[in-house]
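Novice:
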Amino acid sequence: MNPKLRHGFTQDDKVLGSTIVGFGHSGAKGGKNVASGTWWASMTKATVTISGQKVMEDGKLLVKS
96 MNPKLRHGFT
106 QDDKVLGSTI
116 VGFGHSGAKG
126 GKNVASGTWW
136 ASMTKATVTI
146 SGQKVMEDGK
156 LLVKS
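Residue 160 is where the sequence shown ends in our numbering, and the numbering goes up by one at each step.
1) State the CB to CB distance for the pair Lys149 and Leu156, rounded to an integer number of angstroms; the pair is presumed to be in contact (CB under 8 Å).
2) Could you tell me how far apart the beta carbons of Thr133 and His120 are, in whole angstroms, since I believe they sit closer than 8 Å?
3) Using DSSP with H/G/I as helix, E/B as strand and the rest coil, what is Lys124?
4) Which of the three DSSP states is assigned to Lys109 in this structure?
5) What does the Cβ neighbour count give for Val110, buried or exposed, with the cut at 16 atoms within 10 Å?
6) Any idea which residues DSSP pairs Thr133 with across the strands?
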């Protein structure tokens with residue numbers, strides 16, 4: 096990871112602790128959703144819970160790979 100990367104339009108998906116949520120057309124990723132486009136939003140210091148399990152808190156990953 097490059098510690099010099101900062102949250103901003105061109106680097107959002109590379110910043111450690113950044114979370115990106117997208118929705119829309121998913122055909123390019125092998126999905127079946129059809130839409131007129133794809134939209135996404137990025138955020139820092141997010142808390143993410145999946146199926147009741149917290150996996151990220153304040154931008155810090157809680158699970159080990």
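Where is the CB? At the ideal position from N, CA and C, for every residue including glycine.
Specialist: To lay it out plainly:
1) Between Leu156 and Lys149 the Cβ distance is about 11 Å, and since that is not below 8 Å, they are no contact.
2) 5 Å
3) helix
4) helix
5) buried
6) Gly119
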